[in-house]
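Reviewing the structure listed below.
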Amino acid sequence: MTVVAQERPFFDWSWVVRNVDQIWEQTLEHLSLTGFALGVGLVISILLAVLALTRPRTYEPIASVSGLLYTIPSLAVFALVAPIVGIGTFAEKFVTAEVALVSYTLLILVRNIVTGLRGVPAETKEAAVGMGYTPGQVLRQIEMPLALPVIVAGVRIATVTVVGLVTVTSLLGLGGLGFFILNGLRKSIIFPTEIIVGVLLSVLLAALLDVGLLWLGRRLAPWAKART
Amino acid sequence: MIRLEGVTKTFPGMIRPAVDHLDLSVSEGELVTLVGPSGCGKTTTLKMINRIIEPTSGRILIHGEDAMSMQAYQLRRRIGYVIQQIGLFPHRTVAENIATVPELLEWERDRIDVRVTELVDLVGLEQSMLDRYPSELSGGQQQRVGVARALAADPPIMLMDEPFGAVDPIVRGRLQEELLALHRRLGKTIVFVTHDIDEALYLGTKVAILNIGGILEQFDTPAEILSDPASEFVANFLGGERGLKRLALLPVSEVELSEGPVVDIGASAEDAREVMRRHGVDWVGLLDGGRIKGWVYESDLDGRPLEELEAKDFLVSLTPDSSLRQALDAVVTSHARVGVIADEGRYLGMIDLESIAERITE
Chain A
5 MTVVAQERPF FDWSWVVRNV DQIWEQTLEH LSLTGFALGV GLVISILLAV
55 LALTRPRTYE PIASVSGLLY TIPSLAVFAL VAPIVGIGTF AEKFVTAEVA
105 LVSYTLLILV RNIVTGLRGV PAETKEAAVG MGYTPGQVLR QIEMPLALPV
155 IVAGVRIATV TVVGLVTVTS LLGLGGLGFF ILNGLRKSII FPTEIIVGVL
205 LSVLLAALLD VGLLWLGRRL APWAKART
Chain B
7 MIRLEGVTKT FPGMIRPAVD HLDLSVSEGE LVTLVGPSGC GKTTTLKMIN
57 RIIEPTSGRI LIHGEDAMSM QAYQLRRRIG YVIQQIGLFP HRTVAENIAT
107 VPELLEWERD RIDVRVTELV DLVGLEQSML DRYPSELSGG QQQRVGVARA
157 LAADPPIMLM DEPFGAVDPI VRGRLQEELL ALHRRLGKTI VFVTHDIDEA
207 LYLGTKVAIL NIGGILEQFD TPAEILSDPA SEFVANFLGG ERGLKRLALL
257 PVSEVELSEG PVVDIGASAE DAREVMRRHG VDWVGLLDGG RIKGWVYESD
307 LDGRPLEELE AKDFLVSLTP DSSLRQALDA VVTSHARVGV IADEGRYLGM
357 IDLESIAERI TE
């Protein structure tokens, strides 16, 4: 065992070169799993947030349930959902994974969207109504854009969380960068290179997406910067 | 133009109505101010006109049409709305803010651009401000944008809810003057809410004084309200100095001016002394071809021709548009106890304490 370990360096660059295609493929899959979860999570969260604000009584239950979902360990969520949805086909695995991922975005996203929408000044809304905006127009053209900085802040946290969680979905047999971590661990002799590649790329992906969203948020809300 | 018929508003959970069977009729082109203590329902009344608040009972007619018969948002696009907190959209530039209602009405791009440029001039802003965000403007500038935004689609009616309440007194005075000028120029029908009786009397062509619970105490011209308050409440609400407040509403052109002790600079010293004797004063105003040049004491007459004498300036000069209150101020602060009236330099005459007092006791 020690002999083999000496033969193989701690980090085997040649492995990376040989597997560059697969690394790229798994990175893309990681991204699409993340993106899908965030997209669905955002749509559900917006609906829940609007519901919570228009029917104030619903806010408590929505907040508690999404908070509860957040506290369940990710492995447990997969274990709970898998028997219901199944993990036979790719589609089943995908749904199982996404149900878990989406449920993790809800707490952060709902809370930020509600906070963002609540932060829109009453006089701005009154002026909008008084000018003749319909209720839908007030939400889409006034409240949502004004809540955007707070919503983007939530999306950034949710993104970083989901990128980390997607590494776990490979347990279900899905791709993503967790595939390398799992592979490295499963070898009869632990292969650090594969684990490092999986971990580093996952961290890098999270950081890049975070910075990208920060930039996007500033682009979409130039007025927020002007306010000093 | 706007008719309120028996309008009542009782808010949920309240026993007493905020507005109680209010009848009010605003004719076209009028600037009606709604004024009263807090709790008098003035803002509620205003907001019922554009249905931000829905009346509990009664009818509101706009151009003879029942306000409840149309979609609220369509009604609002035809009524300009300005609020105290201004409520500009922080995420939109000045130009985009002003373009709000034309955008809602789906005007063509070119027409909107032309209109925005026009409005910026109208409310006294700079074209260079169009691309700024509201947070980059001062309070007074923001309220000008608010007024421009309300005027954008050229609505025949404007509702203004204490629009100048949050700006400092100097800016407020200027904005008030500008509003009067705009009203004269555009002939809009304006309903203006304020808690400041002086503002209400200064701006309103008619003033509605409301009591707690939305009871209309008096609805009349400012002059009529000041000279003949309909109730004790109104008299108390008007406060002290009612005489002075009335004077503030009357222009100098309302009183007959006296010619005053004046001589042309071509006249002789003897003529000047004669004028002073006739008026019983020790000074004389000097006219230079119809323009007022200043004045001299009798003791200044030293034999030189009048035109070579050094004339002292009158401290305050009034125009026919000045208020009698300003005239009174000029009279009591001047050495000679008179106010000099001139129109762009052309001498019109003098006003004294007696003629002002006469006008007010009428």
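Order-wise, the sequence lines are chains A and B. By our numbering, the letter at position 21 of the first sequence is numbered 25, and the numbering carries on one by one without gaps. By our numbering, the letter at position 230 of the second sequence is numbered 236, and the numbering carries on one by one without gaps. Beta carbons: idealized from backbone N, C-alpha and C, even for Gly.
With a Cβ-Cβ cutoff of 7 Å, do Leu263 of chain B and Ile347 of chain B count as a contact? Their beta carbons are under 7 Å apart, which means Leu263 of chain B touches Ile347 of chain B by this criterion.
Identity of the residue in A:Leu143, A:Trp28, A:Arg115 and A:Leu35 nearest Val164 of chain A by Cα: Cα-wise, what sits closest to Val164 of chain A is A:Leu35.
Length of the line joining the Cα atoms of Ile112 of chain A and Gly171 of chain B: Approximately 40 Å between the Cα atoms of the pair.
Does any residue of chain A have a CB that is nearer than 7 Å to the CB of Gln147 of chain B? Any Cβ of chain A closer than 7 Å to the Cβ of Gln147 of chain B would place that residue at the interface, and such an atom is absent.
With 16 other CB atoms within 10 Å as the buried threshold, where does Arg22 of chain A fall? Answer is exposed; the Cβ neighbour count stays below 16.
Could you check what DSSP says for Asp251 of chain B in three-state terms: helix, strand or coil? With the sequence shown as reference, residue 251 of chain B is identified as Lys, and Asp is not the correct amino acid for it. Under the three-state reduction of DSSP, Lys251 of chain B is assigned to helix.
Trp17 of chain A CB to nearest chain B CB: under 7 Å? It does not: the Cβ of Trp17 of chain A has no partner Cβ on chain B nearer than 7 Å.
Could you check what DSSP says for Thr6 of chain A in three-state terms: helix, strand or coil? Interpretation of Thr6 of chain A is limited by its pLDDT of 47, a score under 50 that renders its predicted location unreliable; no figure is taken from the coordinates.
Same chain, Cβ closer than 7 Å to Gly296 of chain B, neighbours up to 5 away in sequence not counted: Excluding residues within five positions, the ones whose Cβ falls inside 7 Å are Arg352 and Tyr353.
Establish whether the CB of Ala157 of chain A and some CB of chain B are separated by less than 7 Å. Not one chain B Cβ lies under 7 Å of Ala157 of chain A.
Going by the DSSP bridge assignment, what does Ile221 of chain B pair with across the sheet? In the DSSP secondary-structure assignment, Ile221 of chain B is bridged to B:Asn217.
contact_flag[the stretch 76-83 of chain B, the stretch 56-65 of chain B] where n(CB pairs < 8 Å) is 3 or more: Result yes; three or more Cβ-Cβ pairs closer than 8 Å.
Would you call the stretch 193-203 of chain B and the stretch 120-139 of chain B in contact, with 3 or more CB pairs under 8 Å? For the pair of segments examined, the stretch 193-203 of chain B was found not to touch the stretch 120-139 of chain B: the number of CB pairs separated by less than 8 Å stays below three.
Does the CB of Met135 of chain A have a neighbour CB from chain B at under 7 Å? For Met135 of chain A, a Cβ of chain B is located within less than 7 Å of the residue's own Cβ.
Taking the straight line between their C-alpha atoms, what separation do you get for Val114 of chain A and Leu143 of chain A? When the Cα atoms are used, Val114 of chain A and Leu143 of chain A turn out to be separated by approximately 16 Å.
Does DSSP put Pro257 of chain B in a helix, a strand or coil? Correct three-state label for Pro257 of chain B: strand.
Can you name, in chain order, every residue of its own chain whose Cβ lies under 7 Å from the Cβ of Leu224 of chain A, other than the five neighbours on each side? So the list reads Leu152, once near-sequence residues are dropped.
Spell out whether any CB of chain A is found under 7 Å from the CB atom of Thr106 of chain B. Yes, its Cβ sits closer than 7 Å to a Cβ of chain A.
If you drop the 5 nearest sequence neighbours on each side, which residues of the same chain put their C-beta closer than 7 Å to that of Ala104 of chain A? So the list reads Ser78, Val81, Phe82 and Val85, once near-sequence residues are dropped.
Give the residues of chain A in contact with Arg83 of chain B, contact being defined as C-beta atoms less than 8 Å apart. Those within 8 Å of Arg83 of chain B in chain A are Met135 and Gly136.
Mind checking if Gln91 of chain B is an interface residue toward chain A, Cβ cutoff 7 Å exclusive? Using beta-carbon distances, Gln91 of chain B counts as an interface residue toward chain A, with a partner under 7 Å.
Going along chain A, which residues have a C-beta under 9 Å from Pro8 of chain B? The residue you asked about is not Pro; residue 8 of chain B is Ile in the sequence shown. Identification of chain A residues near Ile8 of chain B by a Cβ-Cβ cut-off of 9 Å yields none; the smallest Cβ-Cβ distance measures about 16 Å.
Could you say which of B:Gly220, B:Ala206 and B:Glu112 lies nearest to Tyr137 of chain A if we only look at CA atoms? With respect to the C-alpha of Tyr137 of chain A, the residue from B:Gly220, B:Ala206 and B:Glu112 having the closest C-alpha is B:Glu112.
Residues of its chain near Thr197 of chain A, where Cβ-Cβ distance is below 6 Å and the 5 sequence neighbours each way are ignored: Cβ-Cβ distances below 6 Å link Thr197 of chain A to Phe15, Asp16 and Trp19 in the same chain, with the five nearest sequence neighbours on each side left out; the list follows chain order.
Quick check: the Cα distance between Ala41 of chain A and Glu102 of chain A, rounded to an integer number of angstroms? Rounded to the nearest angstrom, the two C-alpha atoms are 6 Å apart.
Between the C-alpha atoms of Ser305 of chain B and Ile357 of chain B, what's the straight-line distance to the nearest angstrom? Cα to Cα, Ser305 of chain B sits roughly 24 Å from Ile357 of chain B.
Beta-carbon proximity check, Thr49 of chain B vs Val25 of chain B, cutoff 7 Å: No. Outside cutoff.
With a cut-off of 7 Å, does the C-beta of Thr128 of chain A fall near any C-beta of chain B? Chain B contact via Cβ: present.
Just confirm the distance between the C-beta atoms of Lys97 of chain A and Leu176 of chain A, as a whole number of angstroms; I'd bet it's less than 8 Å. Contact holds; Cβ gap of about 5 Å.
What are the residues of the stretch 62-73 of chain B that lie near chain A, defined by any Cβ-Cβ distance shorter than 9 Å? Listed by position, the residues of the stretch 62-73 of chain B near chain A (Cβ gap below 9 Å) amount to none.
Tell me which residue opens and which closes the beta strand (DSSP E) that Leu28 of chain B is part of. Judged by DSSP secondary structure, Leu28 of chain B falls within the beta strand (DSSP E) whose first and last residues are Val25 to Val32.
For Leu169 of chain A, which residues from the same chain have a beta carbon less than 7 Å from its beta carbon, with the 5 sequence-adjacent residues on both sides left out? The beta carbon of Leu169 of chain A sits closer than 7 Å to the beta carbons of Ser78, Leu105 and Tyr108 from its chain, once the five residues preceding and following it are set aside; these are given in chain order.
How would you write the range of the alpha helix (DSSP H) that Met54 of chain B sits in, first residue to last? Note, Met54 of chain B: alpha helix (DSSP H), Lys48 to Ile55.
Of the choices B:Ala154, B:Ser33, B:Arg117 and B:Gly249, whose alpha-carbon is the least far from that of Asp226 of chain B? Answer by Cα proximity: B:Ser33.
Using the three-state DSSP reduction, which class does Asp174 of chain B fall into: helix, strand or coil? Asp174 of chain B falls in the coil class under three-state DSSP.
Determine the burial state of Ala333 of chain B: buried for a count of at least 16 other Cβ atoms within 10 Å of its Cβ, exposed for fewer. Ala333 of chain B comes out buried.
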